[in-house]
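All remarks here apply to the structure that follows.
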Amino acid sequence: MKCVSNKVCYNSKGEAEEALIHLQAKYGASSGSGPVSTYLCTDCGYYHTTSKGEKSSTLRSSEGKNRIELQREANYWEEKFKGKY
Numbered sequence: 551m552k553c554v555s556n557k558v559c560y561n562s563k564g565e566a567e568e569a570l571i572h573l574q575a576k577y578g579a580s581s582g583s584g585p586v587s588t589y590l591c592t593d594c595g596y597y598h599t600t601s602k603g604e605k606s607s608t609l610r611s612s613e614g615k616n617r618i619e620l621q622r623e624a625n626y627w628e629e630k631f632k633g634k635y
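Under my numbering, the first residue of the sequence shown is numbered 551, with each subsequent residue one higher.
Here is the structure:
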């Protein structure tokens with residue numbers, strides 16, 4: 551998968567929304583930055599994430615917020631144990 555935009559390509563909207571959860575947990579949830587939505591690219595036919603536009607319903611939902619928190623905690627523990635094993 552390659553796009554002229556050089557953005558990461560996702561096969562489905564669901565896959566791109568899942569990426570939003572991980573990206574928000576890693577980069578944007580606390581700073582209010584980072585990707586907030588997904589779109590279907592007219593150039594390549596795949597989905598991409600974007601920092602423009604309205605925040606995705608997935609990120610606004612309580613389930614989405616909980617998943618971001620869980621992913622953030624998983625990221626924390628992964629980083630904590632990375633150097634020990």
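The beta carbon of each residue, even a glycine, is placed where N, CA and C say it ideally should be.
Burial state of residue i (16 or more Cβ within 10 Å)
i	result
residue 624	exposed
residue 573	buried
residue 590	exposed
residue 567	buried
C-alpha gap between residue i and residue j, whole angstroms
i	j	result
residue 592	residue 554	11 angstroms
residue 561	residue 631	32 angstroms
residue 597	residue 557	9 angstroms
residue 600	residue 587	5 angstroms
residue 621	residue 605	18 angstroms
residue 551	residue 559	6 angstroms
residue 584	residue 576	9 angstroms
residue 564	residue 627	26 angstroms
List, from N- to C-terminal side, the alpha helix (DSSP H) runs of 4 residues or more that fit wholly inside the segment 564-635.
607-610, 612-632
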